Each structure stands twice: as structure tokens, then as C-alpha cells.
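According to the working numbering, the sequence shown holds residues 7 to 307 in order. Don't be surprised by glycine CBs; every beta carbon is placed ideally from N, CA and C. None of these values were measured; they are calculated from a predicted model.
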Amino acid sequence: MIRPVVFKLLVVSILWGCNYVVSAYLLREFSPILLALSRLVVTSLFLLSVGWMSRAVRKPTRREWMWLASVGLTSSLMYQIFYFVGLTHTSAGNAALIIALSPIATTSLAWVFLKEKVTGFKIAGALTALVGVAVIVLNGGKVTGVSRGDFFILLAMLTLAVSVLLIRKATETMKSIDVTIYSTLVGTALLFPAAGVEWAQGQLHASGNPLTWTLLIVVALIAQGLAGLWWNQGISVTGASTSAMFMNIPPFVAILVAYVALGDPIMLTQIAGGALIVIGVALSNKKLADKAIPTGTVAGG
């Protein structure tokens with residue numbers, strides 16, 4: 007069970023790396039909160055169809071609703087707003103480096119609040135991968151000065167780290183598919199008032215190009231819907247700190263996608279940084295296949 011889930015986490019990290027470039031493009035056509043809401047609406051419809059076809063989704067208990075609301079608040083509402091607003095006010099290099107700090111933040115929080123064991127391999131993997139991201143961004147990302155966008159991206163990184171822990175707690179008694187569906191619906195509902203504020207301020211705008219909307223829908227289905235299911239399943243099986251290590255991969259993938267899609271040159275330092283990221287993730291998962299699934303974890307979600 008462990009190996010297929012680790013493979014899914016790798017695929018998710020690649021999808022999110024592609025999503026980074028697509029998001030930057032879509033922000034040229036949509037206002038930040040409307041973009042986040044539109045994508046989550048599509049994702050919610052997809053997840054509802056998955057839940058209906060599986061016929062295995064159950065009604066949460068009152069205590070479980072508390073965890074689901076917390077996950078929806080952090081991963082769907084706060085992260086989406088902070089990420090998209092921040093991305094409109096900072097450089098891609100700065101954003102990539104700040105988001106890449108989430109594995110270290112998650113590992114630290116998991117050690118403090120969830121009492122997850124932090125092995126030497128996890129620490130070494132986290133530091134190696136972080137060095138890889140730094141090599142990529144500092145040498146190839148053209149990092150600029152600190153801006154208010156950096157502050158929003160920092161908040162996005164912190165809410166992402168917290169959401170991983172909350173998902174881990176929620177999946178102790180619920181299947182990961184249930185957590186994904188309910189928390190996404192909660193976050194989508196919470197985003198409607200935020201979009202209303204954006205409209206009231208006269209800042210809401212959407213693309214009139216059908217091809218752009220098609221791109222948005224495809225990204226919402228794959229990079230958010232399917233990837234969200236696999237991500238939460240990965241957290242439930244491998245743990246918070248281990249799964250968070252895969253968040254180091256998207257910046258490297260984003261550089262490759264930008265090269266193919268936009269013609270941006272790839273530097274030798276970026277290749278070296280990417281190699282360090284892969285080594286870091288491998289170190290953090292060393293001996294993972296030999297470990298049993300933690301007590302209370304719902305497998306096969």
C-alpha cells in the first residue's frame with residue numbers, strides 16, 4: 007500500500023508544479039479570489055460525482071465536522087486567498103522559495119503537536135531539498151526584494167503546513183476521500199463571501215475567452231480534484247511530515263514547464279538544484295516501505 011501512495015504523492019507534486027505556471031497565466035485573466043472560487047466550484051462538482059459513484063461517503067460526526075471545517079478553512083479558503091493574492095504581488099522565485107519552506111514547517115509542527123517521530127533521514131532530507139530549492143531560486147529565479155506579496159505567500163505556506171496536520175488528524179477516523187470532499191465543500195462555501203467582498207471593491211473580473219475557461223476547468227479537475235484526493239490519501243498513509251517533503255518538487259517542475267511552455271532557459275544551477283530536491287525527497291522516505299501504517303489510519307481512502 008505504501009509504494010503506490012508514494013507514487014501518487016510524486017504525481018501530485020508534478021501536477022502542482024505544472025499548476026504553478028498555469029495559475030500565473032490565469033491570474034492575467036481573472037481576479038485572485040474569483041479564480042480561486044471558480045476552480046473550487048469545479049473541483050467540488052468533481053468530488054461530489056466521485057463520492058456519488060463510490061457510494062461510500064458517510065455522514066461525519068460532530069467532532070469530525072470540527073476537523074473538516076478546520077481543513078476547509080485552512081487548505082481551501084485561507085491558502086487559496088493568500089496564495090493567489092500573493093502571487094499577483096511577488097516574483098515567481100520568491101514564491102517558490104517561501105512555499106518550499108512548508109515541509110520544514112510541517113515536520114516541526116508534526117513533532118510538536120502530533121508527536122510524530124522526526125528521524126535523521128527526515129531532517130537530512132528536508133535540509134537537502136531546501137538547499138536544492140534555494141539553488142534553483144537564488145541562481146535561476148531572479149529573486150527580487152521583499153514585498154507585501156511575499157508576506158501573503160508566507161501566510162499561504164503556514165496555512166498549508168497547518169492544513170497537513172489537520173488532514174492527518176481528520177483521516178484518523180475518516181477515509182481520505184470523505185475528508186477531501188467535505189473539506190473542499192466547506193472551503194468553497196466560505197469563499198463566496200470573500201468573492202463578494204472582491205466584487206464590492208470593484209476588483210472582481212473574469213476572462214471572456216472560452217479557451218481560458220476550458221484551461222481553468224481542466225486544471226481544477228486534475229491539479230485540484232484528482233490531486234487533492236491523492237494528496238489527502240498520502241497524508242493518511244505516510245504521515246504529515248513525510249508527505250510534506252514532496253512539496254519541494256513543484257518549484258523544479260515549474261521551471262521545466264516554463265521552459266517547454268514559455269521558452270524560459272534552464273540553467274545548470276537549476277539542474278543541480280533539482281537533483282538535490284530529488285535526493286532530499288528520497289532521503290526523507292528512506293525505509294518508509296518497511297514501516298507499518300500508523301494505528302488508526304484509514305487506508306484505501
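By the neighbour-count definition (other C-beta atoms within 10 Å, threshold 16), residue 236 is a buried residue. With contacts defined by Cβ atoms closer than 8 Å, residue 163 and residue 212 do not form a contacting pair.
In this structure, residue 198 lies away from residue 92, with their beta-carbon atoms at least 8 Å apart. Contact between the stretch 183-200 and the stretch 119-131 is absent: fewer than 3 CB-CB pairs across the two stretches fall below 8 Å. In the three-state reduction of the DSSP assignment, residue 178 falls in the coil class, being assigned neither a helical nor a strand state.
Only residues of its own chain outside the window of five on either side were considered, and among them 252, 255, 256 have a CB closer than 6 Å to the CB of residue 19, listed in chain order. Assigned with DSSP and collapsed to three states, residue 36 falls in coil, not helix or strand.
DSSP places residue 267 in the helix class (H, G or I) of the three-state scheme. In this structure, residue 259 sits away from residue 176, with a CB-CB distance that is not shorter than 8 Å. Scanning the stretch 89-126 for uninterrupted alpha helix (DSSP H) segments of 4 residues or longer gives 98-105, 108-119, listed from N- to C-terminal end. Residue 210 and residue 38 have their C-alpha atoms roughly 8 Å apart. Where residue 76 is concerned, the enclosing alpha helix (DSSP H) starts and stops at 68-77.
When the alpha-carbon of residue 60 is set against those of 278, 67, 245, 187, the nearest one is in 187.
Between the stretch 51-65 and the stretch 278-286, the count of C-beta pairs closer than 8 Å stays below three; the two stretches do not touch. Its Cα nearest to that of residue 233, the residue 22 stands out among 241, 138, 22, 45.
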